[in-house]
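Student:
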Amino acid sequence: MQVKEVKLLGMVSTFSAVCNNCKIEKKITTSGGGDKESYHIHEQLVKSTLWCGTGFAGATSMFVAFNFDPLSEKSYYKIAKKIEEEGIGKLERAMEKSRAILHDILNERDGNNNEVKDIYVSCDGSWSKRGFTANYGFVSVIEVSTGYCVDFVVLSKWCKTCVGISDGQVPDHECTKNFHGSSPAMEVEGWKMLWGRSVAKCKFRYMQVVSDGDSKGITAVQTLDPYGVPIEKFECVNHVAKQLGTALLNASKKSTSRW
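Going by my numbering, 143 is the number at position 90 of the sequence shown; the sequence numbering is gapless.
1) Please look up how many angstroms separate the CB atoms of Val206 and Phe191, rounded, as I've assumed it's under 8 Å.
2) On the DSSP bridge assignment, give the partners of Cys202 in chain order.
3) Alpha carbon to alpha carbon, how far is Trp274 from Trp248?
4) I want to see whether chain B comes within less than 7 Å of Gly298, judged by CB atoms only; does it?
5) Express the C-alpha separation of Leu159 and Asn165 in angstroms, rounding to a whole number.
6) Grouping DSSP H, G and I as helix and E and B as strand, with all else coil, what is Arg258?
7) Taking all protein chains shown into account, do 16 or more other C-beta atoms lie within 10 angstroms of the C-beta of Cys72, making it buried, or fewer, making it exposed?
8) Taking only the alpha-carbon atoms, compute the straight-line gap between Val282 and Glu288 and give it to the nearest angstrom.
9) Considering only residues of the same chain and omitting the five flanking positions on each side of Met115, which have a CB-CB separation below 8 Å?
10) Quick check: the Cα distance between Lys182 and Ser235, rounded to an integer number of angstroms?
11) Mind reading off the beta-carbon distance from His95 to Leu124? Whole number of angstroms is fine, and I expect it under 8 Å.
12) Ordered along the chain, which non-local residues of its own chain (more than five positions away) have a Cβ less than 8 Å from that of Ile141?
13) What number of angstroms, rounded off, separates the C-alpha of Lys307 from the C-alpha of Trp104?
14) State yes or no: is the C-beta of Ser209 within less than 7 Å of the C-beta of Tyr189?
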């Protein structure tokens, strides 16, 4: 039997095995997939660089370190786009399932068979890094009694294509920027977006909210008044305890310094 490598694409080799007697040829590829550049091993490599934040440059360095021909930039971003679409699809299905389960729980527990249900939620936001210069942030809504995530929104004030433009002529592209403003203002905008679409998208009204004491989001949605009825706010016990503890500690320091 004669075996030889007939094709090498990135980290994937295709071998040809030919029988010396019957001359039947069998080709074997070292990775599954086979959708041109999108072999499984290449998908995993691209996924790992996306997780680590090294991107195309990191993938190229890894290929070179192993003495492989690197993927082209076009191939890399084609695979990245496929991973993104698959991830978004899985996420949307998971969120739909979460909301459906929550509707069933409320139907059984409270006998609430209304299409749109009023629920008690917790809402908070976070950013990609500490401080007030993050380019990315998200806000999520969680139903308090079950812990199910009902909805969330990701906000970005940065787009690689837009930033890379030097002559002011922005080409047609899928812009990743969906927010204009300061990083702290992302949370307020996220609250407004989530409350504004809660009925149409999720079939819920977030009528009671538990959040931290300094949240500007609850004030924003109360002003927005999406349901035409007041939205109640409750203080988070952990935040109240922290504020009380800080106040007592400061009072203790002041009292000690007097002596």
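We treat Cβ as the ideally placed atom computed from N, Cα and C, and that holds for glycine. Since the model is a prediction, treat every value here as computed from it, not as a measurement.
Tutor: On the basis of the coordinates in this document:
1) On the sequence shown, position 153 is the one that residue 206 refers to. On the sequence shown, position 138 is the one that residue 191 refers to. Going by Cβ atoms, the distance from Val206 to Phe191 rounds to 7 Å, so yes, they are a contact pair.
2) Taking the sequence shown and counting its residues from 1, one reaches residue 202 at position 149. In DSSP, Cys202 forms a bridge with Ile195.
3) Here residue 274 refers to the residue found at position 221 when the sequence shown is read from its first residue. Here residue 248 refers to the residue found at position 195 when the sequence shown is read from its first residue. Looking at the sequence shown, residue 274 is not Trp but Val. Distance between the alpha carbons of Val274 and Trp248: 7 Å.
4) Protein chain content of the structure displayed is limited to a single chain, and chain B is not contained in it.
5) Here residue 165 is taken as the residue at index 112 of the sequence shown, counted from 1. Here residue 159 is taken as the residue at index 106 of the sequence shown, counted from 1. In a straight line, the C-alpha of Asn165 is about 6 Å away from that of Leu159.
6) The sequence position of residue 258 within the sequence shown is 205, counting from 1. Of the three classes helix, strand and coil, the one that applies to Arg258 here is strand, per DSSP.
7) Here residue 72 corresponds to residue number 19 of the sequence shown, with the count starting at 1. Per the 10 Å Cβ criterion, exposed.
8) Residue numbering aside, residue 282 sits at position 229 when the sequence shown is read from its first letter. Residue numbering aside, residue 288 sits at position 235 when the sequence shown is read from its first letter. Taking the straight line from one Cα to the other gives about 20 Å.
9) Counting from 1 along the sequence shown, the entry for residue 115 is found at position 62. Around Met115: Leu98, Thr102.
10) The sequence position of residue 182 within the sequence shown is 129, counting from 1. The sequence position of residue 235 within the sequence shown is 182, counting from 1. The straight-line gap from Cα to Cα measures roughly 14 Å.
11) Looking up residue 95 in the sequence shown gives position 42. Looking up residue 124 in the sequence shown gives position 71. About 7 Å; that satisfies the 8 Å criterion.
12) The sequence position of residue 141 within the sequence shown is 88, counting from 1. Cβ neighbours of Ile141 within its own chain (closer than 8 Å, five residues either side excluded): none.
13) Numbered from 1 along the sequence shown, position 254 holds the residue referred to as residue 307. Numbered from 1 along the sequence shown, position 51 holds the residue referred to as residue 104. Rounded to whole angstroms, Lys307 to Trp104 spans 47 Å at the Cα level.
14) On the sequence shown, position 156 is the one that residue 209 refers to. On the sequence shown, position 136 is the one that residue 189 refers to. Taking 7 Å as the Cβ cut-off, Ser209 and Tyr189 qualify as a contacting pair.
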